[in-house]
Every structure is written in C-alpha cells, then in structure tokens.
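**Student:** One structure is given below, represented as structure tokens, and several questions about it will come after.
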Amino acid sequence: MPRILVCYKWVLDEQDIKIVSLGLSLDVSRAKYKISDYDKNAIEEAVRIVEKNGGSVEAISFGTSLKQSFKDVLSRGVDKVYAIDSSIAENADAYVTANVLAAAIRKIGPYDLILCADGSSDVYNQQIGSRLSALLGLPGITSVSQINCEGDRISATRKLGDCTEVVHIKGQAVISVLPEINSVRIPTMKQVLAAAKKPSEEIKIDALGLSDAELLPKVTKVSVKGFVMNRKNIVFKDANQKDNVSKLVASLAKEGLLKERG
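This note's numbering applies: residue -6 is where the sequence shown begins, and numbers increase by one.
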C-alpha cells in the first residue's frame, strides 16, 4: 500500500488582491490565504489513489502562517500535514523552496510517491517537481494528466502539446500533475469536523541541516506590479446589425486580427 506525500503552497487569494491605479502597486491588505488551486488537484489525486489502492496521504508545505492551512488540507482526505513555517519563505525562489522541501522529505520519508502540482497559482514557475526529483535522486515525471498505480508500478500519461506520452516506472517517483487530472471534490461537513482530530507536525528549518548557500535565493524579486489592459472601446451602434457586423469585421481586419482565406 503506497505512502504518498503531496507538496502544497499556501498562497494569497488572487481575487482579494487589488491594483492601486497610481503606480500599479498591489494592495494585499485584505487578501486572505488559500491552498494553491492547482495543489488541490494534486491532493485530490493522491487521495483517489489511496481510495483505490489503500495506503496513506500526507502533505507538506514551506511558507508562513501555515497553521491556518491545516484544517482545509486535512479535510480533503490527507492523514497528516507537515509544516516548515519560516520567514525565509517570504523571499524564497524555487531553488530555496526545493532545497527545504527535499531536506524535510529526507527527514520524514521515505515515500512511494511524491506529488506536486505542475505549478502554483501565484507564480507558476513549474520547477518544484523537477528540482525535487533531482535533489532526491528519484525519477521525475511532469505534465501528467492521468496516473494508474498497481503495486509498486506506476503508469503516468503526460500531455505534450498535441500528443500524449505514457511512462511506466517501478518504484519511487516524483510526479507533477496538471489541473485537468481530476475535478476537486468539496469536503463534506463530516470531513471538516474530522480534520480537527488529525495530526500535524511543525519542522524547524534549523533542524534540516541546510547551509546558508542553500537558503540563498538565486533569483531576487525586484518588484511586483499589476497589469491593466487599455482597450480601444470602439462601439458599433448602427440600427442595422448587419452593418455593425460588417464594420466589426473590417475593423478587426485593419488591426491584422483577421485575414481573408486564400
């Protein structure tokens, strides 16, 4: 029966982020946190694998204010959650995040399967899964849209543009899943209440034995600004809708957005 670990990120809810018109700065003063949307798919897939094959699902995160995430994570079928809560996470890039997670996984593992989302809903760097597989010395599979487990054998379907690739692995692996791999179920009231009784464990970053260099970001964030799309707001309001359509087509063609078929 597999022991599965899911990596998740506790991120700001983008719907609560406001753009301040002057300077396009971001106002996050009223923004709440949530599990990254794509990580919910990774959690859901781990739970479905265990429902079919038995075993256990655990989750791990590196960030700040992680205790707030426990109830939501544990209500989704996770048996135990680990948290590396540190201010270092505020400026961490994928390099630092992967180093921290890999060190923690060595401490609490081993696991038969480690699942990540293809990317997080805040920055979507698409690096953590690949970096973890390299640091842990395990096979890594990215862009996965379907997983089948039979014993110690894993079959993963990868989506590669206009084609798919099926990969077979025997033994441990790190897999990054696409959002389309499943539809995330909403926790029931029973699951939400049961989450309060499930275990959680905080891992101190100082206990991971990482060097200063391993905790020093390779990428430094200079600034984050909002984006505003300036529209032309061209309105076609002739009484004759046929004329409006003709003018719309002509306008799009003039902008180079439509081309006549040869």
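Every residue, glycine too, gets a C-beta built ideally from N, C-alpha and C. These numbers come from a predicted model, not from an experiment.
1. Do L59 and D78 come within 7 angstroms of each other at the CB atom, strictly closer than that value?
2. Which full runs of the alpha helix (DSSP H) of 4+ residues lie inside the stretch 143 to 208, going along the chain?
3. Which value, in whole angstroms, describes the spacing of the CA atoms of G164 and L108?
4. For A188, I'd like the list of residues in its chain whose CB is within less than 7 angstroms of its CB, leaving aside the five on either flank, ordered along the chain.
5. Is N34 buried or exposed, if buried means 16 or more other CB atoms sit within 10 Å of its CB?
6. Under the three-state reduction of DSSP, which class applies to L5: helix, strand or coil?
7. Among the candidates C0, V185 and H161, whose CA atom is the shortest distance from the CA of P132?
8. Specify the secondary structure class of E248 as computed by DSSP and reduced to three states.
9. Taking the beta carbon of S175 as the centre, do at least 16 other beta carbons fall within 10 Å, making it buried, or is it exposed?
10. When the distance is taken between beta carbons, is V217 closer than 7 angstroms to V170?
11. Count the C-beta pairs between the stretch 95 to 106 and the stretch 220 to 230 that are closer than 8 angstroms, then say yes if the count reaches three, no if not.
12. Secondary structure at Q120, three-state DSSP: helix, strand or coil?
13. Classify N84 as helix, strand or coil using the three-state DSSP reduction.
14. For L62, which three-state DSSP category applies?
15. Going straight from the alpha carbon of L129 to that of P172, what length do you get?
16. Secondary structure at S32, three-state DSSP: helix, strand or coil?
17. Check whether the stretch 111 to 126 and the stretch 86 to 93 touch, using three or more Cβ-Cβ pairs below 8 angstroms as the test.
18. Drop a sphere of 10 angstroms on the beta-carbon of S114, count the other beta-carbons inside from all chains shown, and report buried for 16 or more, exposed for fewer.
19. Which whole-angstrom value is the C-beta distance of R280 and E143, which I expect to be below 8 angstroms?
20. Would I28 and V21 be called neighbours here (beta carbons separated by less than 7 angstroms)?
21. Can you tell me the Cα-Cα spacing of D6 and E83, whole angstroms?
22. When the distance is taken between beta carbons, is D205 closer than 7 angstroms to A110?
23. Spatial neighbours of N46 within its chain, please: CB distance less than 7 angstroms, with the 5 preceding and 5 following residues excluded, ordered by chain position.
24. Please name the residue, chosen from S244, I98 and L17, that lies closest to L203 on a Cα-to-Cα basis.
25. Please name the residue in L208, T57, I53 and D231 whose C-alpha comes closest to that of K73.
26. Of the choices A232, N118 and A76, whose alpha-carbon is the least far from that of E194?
27. What residues match up with A39 in a beta bridge as DSSP calls it?
**Tutor:** Per the coordinate set shown:
1. Taking the first residue of the sequence shown as 1, we reach residue 78 at position 85. Taking the first residue of the sequence shown as 1, we reach residue 59 at position 66. In this structure, L59 lies closer than 7 angstroms to D78 by Cβ.
2. 182 to 188
3. To locate residue 164, count along the sequence shown from 1; it is residue 171. To locate residue 108, count along the sequence shown from 1; it is residue 115. Between G164 and L108, the C-alpha separation is close to 14 angstroms.
4. Stepping through the sequence shown from its first residue, residue 188 is reached at position 195. Closer than 7 angstroms at the Cβ level, and outside the excluded window around A188, lie K64, L67 and S68.
5. Counted from its first residue, the sequence shown places residue 34 at position 41. Looking at its Cβ environment, which holds 16 or more other Cβ atoms inside 10 Å, N34 is buried.
6. As a position in the sequence shown, residue 5 is number 12, starting the count at 1. DSSP places L5 in strand when its eight states are reduced to three.
7. Locating residue 132 in the sequence shown gives position 139, counting from the first residue. Residue H161 is the option with its Cα nearest to P132.
8. Position 255 of the sequence shown, counted from the start, is the residue given in the question as residue 248. Looking at E248 - three-state DSSP - the assignment turns out to be coil, as it is neither helix nor strand.
9. By 1-based counting over the sequence shown, the position of residue 175 is 182. Here residue 175 turns out to be Asn, not Ser, going by the sequence shown. The residue in question, N175, is buried, as its Cβ has 16 or more Cβ neighbours within 10 Å.
10. The residue given as residue 170 occupies position 177 in the sequence shown. The residue given as residue 217 occupies position 224 in the sequence shown. No, Cβ-Cβ distance for V170 and V217 is not below 7 angstroms.
11. no
12. In the sequence shown, counting from the first residue as 1, residue 120 sits at position 127. Three-state result, Q120: coil.
13. The count along the sequence shown starts at 1 and reaches residue 84 at position 91. Here N84 sits in helix by DSSP.
14. As a first step, residue 62 is located in the sequence shown; it is residue number 69 there, counting from the start. The question names Leu, but residue 62 in the sequence shown is Ser. The answer is helix: DSSP assigns S62 an H, G or I state.
15. For this step, residue 129 is matched to residue 136 along the sequence shown. For this step, residue 172 is matched to residue 179 along the sequence shown. Looking at the two C-alpha atoms, the distance is approximately 24 angstroms.
16. Indexing the sequence shown from 1 puts residue 32 at position 39. According to the sequence displayed, residue 32 carries Asp and not Ser. D32 falls in the helix class under three-state DSSP.
17. yes
18. In the sequence shown, the residue the question calls residue 114 occupies position 121. S114 is buried by the Cβ-count criterion.
19. The structure shown does not extend to residue 280, since the chain is modelled only from -6 to 255, so the question has no answer here.
20. What you label residue 28 is simply residue 35 of the sequence shown in a count that begins at 1. What you label residue 21 is simply residue 28 of the sequence shown in a count that begins at 1. No, they are not a contact pair.
21. Here residue 6 refers to the residue found at position 13 of the sequence shown. Here residue 83 refers to the residue found at position 90 of the sequence shown. Taking the straight line from one Cα to the other gives about 16 angstroms.
22. Within the sequence shown, the letter at position 117 stands for residue 110. Within the sequence shown, the letter at position 212 stands for residue 205. Going by C-beta atoms, A110 is not nearer than 7 angstroms to D205.
23. To locate residue 46, count along the sequence shown from 1; it is residue 53. Cβ within range, chain order: M(-6), P(-5) and C142.
24. For the purposes of this step, residue 203 is taken as the residue at position 210 of the sequence shown. Comparing Cα positions, the closest option is I98.
25. On the sequence shown, residue 73 is found 80 positions in, with the first residue counted as 1. Checking every option, the nearest Cα to that of K73 belongs to I53.
26. Residue 194 sits at position 201 when you count from the first residue of the sequence shown. Here the closest residue by C-alpha is A76.
27. Residue numbering aside, residue 39 sits at position 46 when the sequence shown is read from its first letter. DSSP output for A39 lists no bridge partner at all.
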